[in-house]
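**Q** Sending over a structure as structure tokens; questions will come in a sec.
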Ligand code: SF4
Ligand code: SF4
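Rendered as structure tokens:
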């Protein structure tokens, strides 16, 4: 994202709108600037602000006069008075930032389809995680924090070495050059996104080892990590995952139970 240095009148209204704190007023030039390294191209500033089309030199002159007389001339707080926030035509690899950070953008250009798949929410019809298996979702970043692919790769390398199978339809997997080693494309490793989700599947017996890897790597990387793990109940409705999680110090909740009312799409779950 860019801010027109001609149009900006340094009112500061866009600063609190940015979830990454990437916008600041540069006192040396008296204009808002975007820290391009921190900006994740979420487009919140562009979409979230109403726009007026006042003449920038006139607004600046009025603001100077007002300041001299010790009162303020400010636009309403949700308005950029001079339509100064300008989206840029994003090129590879920067376009990856938007694909993972702007929920409204389609991802045909990158082949990425949102931040993640339907995960295990549709497991009753997809049969992706079968009895005896555990599906993990490992989420990196949050508004205000973000995550770089270089940090995400530190986790995917360790997961791959432990034998994890990455979900093929997941956007992070689609950016891997070698899923067997958990390696992500070199040219995007420094890109920062609002958040990204890695999805893996392992045998239930590997759950403690995977949780230990997640816990260990999350202490080494410069972002926040959230982990979720699910399994398929057996025919009696028993959930073998709960005791595994409790043994590792994680409280287990039946947060969501799918009733299997959809049409099964895989023979394995019929
Ligand atoms: S809202 Fe517009 S005019 Fe005000 S600081 Fe931001 S870009 Fe500049
Ligand atoms: S695109 Fe998003 S991260 Fe970048 S400056 Fe705008 S609000 Fe901040």
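Numbering (this note's numbering), first residue to last: 51 to 320. In this text, a Cβ means the ideal position worked out from N, Cα and C, and glycines have one as well. Quick caveat, the model's predicted, so the values are computed rather than measured.
1) Could you pull the DSSP bridge partners for residue 136 from this structure?
2) In the DSSP assignment, find the beta strand (DSSP E) that holds residue 228 and state where it starts and stops.
3) Leaving aside the five residues before and after residue 284 along the sequence, list all residues of the same chain whose C-beta is less than 8 angstroms from its C-beta, in chain order.
4) So within the stretch 253-291, which uninterrupted beta strand (DSSP E) runs reach at least 3 residues, ignoring any that extend past its ends?
5) So what does DSSP say about residue 115, is it helix, strand or coil?
6) Can you find a heavy atom of ligand 2 that lies under 7 angstroms from the Cβ of residue 94?
7) Could you tell me the boundaries of the alpha helix (DSSP H) in which residue 150 lies?
8) So what does DSSP say about residue 300, is it helix, strand or coil?
9) Ignoring anything shorter than 3 residues, give me the beta strand (DSSP E) runs that lie fully in the stretch 63-123, in order along the chain.
10) Please list the terminal residues of the continuous alpha helix (DSSP H) segment that includes residue 207.
11) Between residue 227 and the rest of its own chain, which residues show a CB-CB distance below 6 angstroms, the 5 nearest in sequence each way excluded?
12) Cutting at 6 angstroms between CB atoms, please list the residues of its own chain near residue 55, excluding the five before and the five after it.
13) Once you ignore the five residues that flank residue 1 on each side, which residues in its own chain have a CB closer than 6 angstroms to its CB?
14) Under 8 angstroms: do the stretch 109-124 and the stretch 81-96 share three or more Cβ pairs, one atom per stretch?
15) Where do the N-terminal and C-terminal ends of the alpha helix (DSSP H) with residue 187 fall, by residue?
16) Just verifying my parser: in three-state terms, what is the DSSP assignment at residue 179?
17) Look up residue 215 in the DSSP assignment and give the residues it is bridged to.
**A** Checking against the coordinates, here is how it stands:
1) In the chain shown, the residue the question calls residue 136 occupies position 86. Partner(s): 52.
2) Position 178 of the chain shown, counting from 1, holds the residue named residue 228. Here the beta strand (DSSP E) through residue 228 covers 226-228.
3) Counting from 1 along the chain shown, the entry for residue 284 is found at position 234. Result list for residue 284: 181, 290, in chain order.
4) 275-281
5) Mapped onto the chain shown, residue 115 falls at position 65. Helix.
6) Here residue 94 refers to the residue found at position 44 of the chain shown. Yes - ligand 2 has a heavy atom lying nearer than 7 angstroms to the Cβ of residue 94.
7) Here residue 150 refers to the residue found at position 100 of the chain shown. Here the alpha helix (DSSP H) through residue 150 covers 145-151.
8) Position 250 of the chain shown, counted from the first residue, corresponds to residue 300. Note: residue 300 maps to coil in three-state DSSP.
9) 73-76, 81-84
10) Working through the chain shown from its first residue, we reach residue 207 at position 157. It spans 199-211 - the alpha helix (DSSP H) in which residue 207 sits, taken as one unbroken run.
11) As a first step, residue 227 must be located in the chain shown, where it is residue number 177. Excluding residues within five positions, the ones whose Cβ falls inside 6 angstroms are 233, 235.
12) The residue given as residue 55 occupies position 5 in the chain shown. Cβ neighbours of residue 55 beyond the five flanking positions: 81.
13) Because residue 1 is not part of the residues shown, which for the chain are 51 to 320, the question remains open.
14) no
15) On the chain shown, position 137 is the one that residue 187 refers to. Where residue 187 is concerned, there is no enclosing alpha helix (DSSP H), although the beta strand (DSSP E) it sits in stretches over 183-190.
16) Translated into the one-based positions of the chain shown, residue 179 becomes position 129. Residue 179: coil per DSSP, three-state reduction.
17) As a position in the chain shown, residue 215 is number 165, starting the count at 1. 251, per the DSSP bridge assignment.
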